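Number of protein chains: 2
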Amino acid sequence: MSKKVRFCVVGYGNMGNGHAYNLYHSKVTGAELYAVCDNDPEKLEKCKEKYSDIKLYSDHYDMLKDENIDAVFVATPHYDHPVIAMDAIKAGKHVLIEKPAGVYTKAVREMNEVAEASDRVFGIMYNQRTKSYYRKVKELVDSGELGEIRRVNWIITNWYRSQSYYDSGGWRATWAGEGGGVLLNQDPHQLDLWQWICGMPTRVRAFCQFGKMHNIEVEDDVTAYVEYPNGATGVFITSTSDTPGTNRLEITGDRGKIVIEDDKITFWRLRISEREFNATFKGGFGDPECWKCDIPPAKKMVEDHVGILINFTDAIINGTELLAPGVEGINGLTISNAMHLSTWIDGWVDLPIDEDLYYEKLQERIKASKFVKKTAKATLDVDGTF
Amino acid sequence: MSKKVRFCVVGYGNMGNGHAYNLYHSKVTGAELYAVCDNDPEKLEKCKEKYSDIKLYSDHYDMLKDENIDAVFVATPHYDHPVIAMDAIKAGKHVLIEKPAGVYTKAVREMNEVAEASDRVFGIMYNQRTKSYYRKVKELVDSGELGEIRRVNWIITNWYRSQSYYDSGGWRATWAGEGGGVLLNQDPHQLDLWQWICGMPTRVRAFCQFGKMHNIEVEDDVTAYVEYPNGATGVFITSTSDTPGTNRLEITGDRGKIVIEDDKITFWRLRISEREFNATFKGGFGDPECWKCDIPPAKKMVEDHVGILINFTDAIINGTELLAPGVEGINGLTISNAMHLSTWIDGWVDLPIDEDLYYEKLQERIKASKFVKKTAKATLDVDGTF
Numbered sequence: 095m096s097k098k099v100r101f102c103v104v105g106y107g108n109m110g111n112g113h114a115y116n117l118y119h120s121k122v123t124g125a126e127l128y129a130v131c132d133n134d135p136e137k138l139e140k141c142k143e144k145y146s147d148i149k150l151y152s153d154h155y156d157m158l159k160d161e162n163i164d165a166v167f168v169a170t171p172h173y174d175h176p177v178i179a180m181d182a183i184k185a186g187k188h189v190l191i192e193k194p195a196g197v198y199t200k201a202v203r204e205m206n207e208v209a210e211a212s213d214r215v216f217g218i219m220y221n222q223r224t225k226s227y228y229r230k231v232k233e234l235v236d237s238g239e240l241g242e243i244r245r246v247n248w249i250i251t252n253w254y255r256s257q258s259y260y261d262s263g264g265w266r267a268t269w270a271g272e273g274g275g276v277l278l279n280q281d282p283h284q285l286d287l288w289q290w291i292c293g294m295p296t297r298v299r300a301f302c303q304f305g306k307m308h309n310i311e312v313e314d315d316v317t318a319y320v321e322y323p324n325g326a327t328g329v330f331i332t333s334t335s336d337t338p339g340t341n342r343l344e345i346t347g348d349r350g351k352i353v354i355e356d357d358k359i360t361f362w363r364l365r366i367s368e369r370e371f372n373a374t375f376k377g378g379f380g381d382p383e384c385w386k387c388d389i390p391p392a393k394k395m396v397e398d399h400v401g402i403l404i405n406f407t408d409a410i411i412n413g414t415e416l417l418a419p420g421v422e423g424i425n426g427l428t429i430s431n432a433m434h435l436s437t438w439i440d441g442w443v444d445l446p447i448d449e450d451l452y453y454e455k456l457q458e459r460i461k462a463s464k465f466v467k468k469t470a471k472a473t474l475d476v477d478g479t480f
Numbered sequence: 095m096s097k098k099v100r101f102c103v104v105g106y107g108n109m110g111n112g113h114a115y116n117l118y119h120s121k122v123t124g125a126e127l128y129a130v131c132d133n134d135p136e137k138l139e140k141c142k143e144k145y146s147d148i149k150l151y152s153d154h155y156d157m158l159k160d161e162n163i164d165a166v167f168v169a170t171p172h173y174d175h176p177v178i179a180m181d182a183i184k185a186g187k188h189v190l191i192e193k194p195a196g197v198y199t200k201a202v203r204e205m206n207e208v209a210e211a212s213d214r215v216f217g218i219m220y221n222q223r224t225k226s227y228y229r230k231v232k233e234l235v236d237s238g239e240l241g242e243i244r245r246v247n248w249i250i251t252n253w254y255r256s257q258s259y260y261d262s263g264g265w266r267a268t269w270a271g272e273g274g275g276v277l278l279n280q281d282p283h284q285l286d287l288w289q290w291i292c293g294m295p296t297r298v299r300a301f302c303q304f305g306k307m308h309n310i311e312v313e314d315d316v317t318a319y320v321e322y323p324n325g326a327t328g329v330f331i332t333s334t335s336d337t338p339g340t341n342r343l344e345i346t347g348d349r350g351k352i353v354i355e356d357d358k359i360t361f362w363r364l365r366i367s368e369r370e371f372n373a374t375f376k377g378g379f380g381d382p383e384c385w386k387c388d389i390p391p392a393k394k395m396v397e398d399h400v401g402i403l404i405n406f407t408d409a410i411i412n413g414t415e416l417l418a419p420g421v422e423g424i425n426g427l428t429i430s431n432a433m434h435l436s437t438w439i440d441g442w443v444d445l446p447i448d449e450d451l452y453y454e455k456l457q458e459r460i461k462a463s464k465f466v467k468k469t470a471k472a473t474l475d476v477d478g479t480f
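Residue numbers (this note's numbering), protein chains in the order written: chain A, 95 to 480; chain B, 95 to 480.
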């Protein structure tokens, strides 16, 4: 395959803008921006002003008939991710989707089945998996340096959003539009990294607060407790009203403790494991010898959105393994759905969740929504790692 | 009152040892060790070897008849704290109790009623209230510098204890002996400081794990979620099996965030409050200006056990206000009881708790205990701030 992979970006909103820019300006070797698809004529007009030499589509069915398009990058509102992804895979396109994989796992599971039955490359924009410090922590855990995991606490409250942010788009922060709040919009990366590094929990007890500090109907504050198959426990705390927030991930294992904060990894490494110490120590008070180690990040790769785009393009051209396979999008979403569901039923939710019950409860909320938003139509500048 | 306050230390175990030492060696101006009371003849013998010139009692009823004793310092196993304290107050003694105030709030409430009906000085050994950094944080919160509290996360997992520690005393880590694990033995200070600084929650949902990493029947691992009257939320995570553990208290308010870790206070102070920013900001992404401030500790006082003893003695001699009034012991214990109860009933517990239900559930556990411990009779060296 000597020619470039021709992309169509579907959804020319906040994220689609940036992705089109990267593809058009050759940030991704082997890829080019061939088309943009959006059902909003105003957005297409704006796109045309910037990129006069690409194809524009207002309907994704028409777009999918275009045989020049190799890959479709879905950057629409959340609900449409699985719908368009399935259509595109069925039309023979490679597909990259924005996070989250969808709003409810029922739809995402169908999408995964379609993808797995095809030979198309299917990726998800989990760009934070490119971060050298998260890759390093995953490597420390996978290699056994930390020993068996006991506890995972992630305080991820640095997603501050003002009311004006929520007022900037009609679909934002509504059950019908986004299908959730901080869990669906801001946290998909952390929910993914959490399970990528530490695995999936077996049950969840969560406490979501809806419209606590903003005039929105979805959650802007969440505390969740989880349990893992080996008995380990975890806490996930997130919010869009704390300022300044915190982003501190602490993983405790049989061989010590890792903390990532301010993009810095510290590993308090035990010389002998806690279990061994516990079994052999005979004194009253005492603990195993511990070394505080500053851990270097993993070898740098091109990070963030461009990093994922390069990897996805390489997978198409060279069969390179995906850093963020699309089918893994269901994991973080399952945790997120479980957190909602646990709050709604005010009780435990076992994983895998009851997908039909979740879907039903979500529909109840969409139907009951009396939320009328004053919205300002605007495209936000989303520099950074959203 | 020109003569010294004559103390009797009741319970010559781990803690009683240290307290007797401080009183005997004139660490506390205005106080002296007059007697020690313990129902274990071996312990009394050891005491006699060290302090040949003090009175020894094997029965606290006899001791209370001694009119030379002004103040009784109760350092027995937990269950006996309210019993002996009430007897002593009724006998006209001033009383200082070790933490926790008791094992269940029903008994502690009775003790408080007896204390409040008397004119005796009644204190509790909440020695961590003397710490200059906790006093400073309380002052920052009380003075309004932090604004209204939104979130409180305390990760207090640096209470590592090996199996040999638990095996060192027959009463340790049993329902009948201690009435609980890490919440009753290690955490009373933090549970007290938590409510001292942030107030009492309205409801609790907790997840205690019993004998998770040790051969004990009580909890050695706890994650708890709490809600406050104003809607603020909190998390309290504690364990005796994490090593190295963490002691990090994070309080987020309308005016920023305070973190105490490694005995150091950092205050991220907002120039205008979050509520004001939220109401006036018109942009997409933005947050209020924030200053990272290193906060000096409060003016030093004599800290730890001696600090409380000095304050308690001053209260007797000069009427000085108590830093840790005995009647406040019920607050932290209420939170602790609520955490147990929430786990036992696998649901929410509203505060104030159902004291009778707690008592009943505790008795069930004492009765059902099949726990046979191999114990090594030993007195541990408890240097530090236990």
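Note that the Cβ used here is the ideal one computed from N, Cα and C, for glycine as well.
Please read these numbers as outputs of a predicted model, since none were measured by experiment.
Looking only at C-alpha atoms, which of the options sits nearest to residue i?
i: B:L343; options: B:N252, B:D181, B:V246 and B:G420; result: B:V246
i: A:R223; options: A:M180, A:V202, A:E207 and A:L285; result: A:L285
i: A:H308; options: A:A125, A:P295, A:V276 and A:N405; result: A:V276
i: A:V202; options: A:N116, A:K159, A:M433 and A:H172; result: A:H172
i: B:F101; options: B:L445, B:I331 and B:F167; result: B:F167
i: A:E192; options: A:P390, A:W442, A:R255 and A:Y106; result: A:Y106
i: B:G377; options: A:S256, A:P282, A:S335 and A:I243; result: A:S256
i: B:V353; options: B:I460, B:H113, B:I249 and B:A195; result: B:I249
i: B:C302; options: B:T332, B:G186 and B:P382; result: B:T332
i: A:L150; options: A:A169, A:Y128, A:A165 and A:K159; result: A:Y128
i: A:D261; options: A:G112, A:S463, A:D450 and A:I310; result: A:I310
i: A:L117; options: A:A462, A:M433, A:T407 and A:S436; result: A:T407
Classify residue i as buried or exposed, calling it buried when 16 or more other Cβ atoms lie within 10 Å of its own Cβ.
i: A:Y155; result: exposed
i: B:M219; result: buried
i: A:I291; result: buried
i: B:E313; result: buried
i: A:T479; result: Confidence at A:T479 is low in this model, with a pLDDT of 43, below 50, so its placement is unreliable and no value can be given for it.
i: A:A373; result: exposed
i: A:E207; result: exposed
Show which residues of chain A have a CB atom less than 8 Å away from the CB atom of residue i.
i: B:E344; result: I249 and T340
i: B:Y228; result: Result: empty, since nearest Cβ-Cβ is about 20 Å, beyond 8 Å.
i: B:E161; result: Simply none; closest approach about 38 Å.
Helix or strand or just coil, what does DSSP make of residue i?
i: B:K394; result: coil
i: A:T337; result: coil
i: B:N324; result: coil
i: B:W288; result: helix
i: B:T479; result: In this prediction, B:T479 scores a pLDDT of 44, lower than 50, which makes its location untrustworthy; the coordinate-derived value is nonetheless stated afterwards. Note: B:T479 maps to coil in three-state DSSP.
i: A:G347; result: strand
i: B:I410; result: helix
i: B:I447; result: coil
i: B:Q280; result: coil
i: A:G380; result: coil
i: B:E239; result: coil
i: A:W385; result: strand
i: B:M95; result: The predicted model places B:M95 with a pLDDT of 48, which falls under 50 and marks its position as unreliable; any figure quoted below should be read in that light. Three-state DSSP puts B:M95 in coil, outside helix and strand.
i: A:K149; result: strand
Determine the chain B residues that contact residue i at a beta-carbon separation under 9 Å, and present them in chain order.
i: A:Q257; result: N372, A373 and F375
i: A:Y155; result: Going along chain B, no residue has its Cβ under 9 Å from A:Y155, so there is no contact; the nearest lies around 32 Å.
i: A:G350; result: T337 and P338
Determine the chain B residues that contact residue i at a beta-carbon separation under 8 Å, and present them in chain order.
i: A:T360; result: Ordered by position in chain B, no residue passes the 8 Å Cβ test against A:T360, which lies about 11 Å from the chain.
List the residues of chain B whose Cβ lies closer than 7 Å to the Cβ of residue i, in chain order.
i: A:Y319; result: F301, T317 and Y319
What does residue i touch in chain A if you count any residue whose Cβ is under 9 Å from its own?
i: B:S364; result: First, the amino acid is wrong: residue 364 of chain B is Leu here, not Ser. The answer, in chain order, is T337 and P338.
In chain A, what lies closer than 7 Å to residue i by C-beta?
i: B:E449; result: Near B:E449 there are no residues of chain A at all, since even the closest Cβ is about 24 Å away, more than 7 Å.
Taking any Cβ of chain B, which residues in the region 380-397 of chain A have a Cβ under 8 Å from it, in chain order?
G380, D381, P382 and C384
Looking at chain B, which residues of the region 325-338 of chain A have a Cβ within less than 9 Å of any of its Cβ atoms?
G325, T327, G328, V329, I331, S333, S335, D336, T337 and P338
Residues, ordered as in the chain, of the region 268-279 of chain A that lie near chain B by beta-carbon distance below 8 Å
none
Mind listing which residues of the region 456-467 of chain A have their C-beta closer than 8 Å to chain B's C-betas, in chain order?
none
Under 7 Å (Cβ pairs) to chain A, residues found in the region 103-118 of chain B:
none
Determine which residues of the region 175-208 of chain B have a Cβ less than 9 Å from any Cβ of chain A, and write them out in chain order.
none
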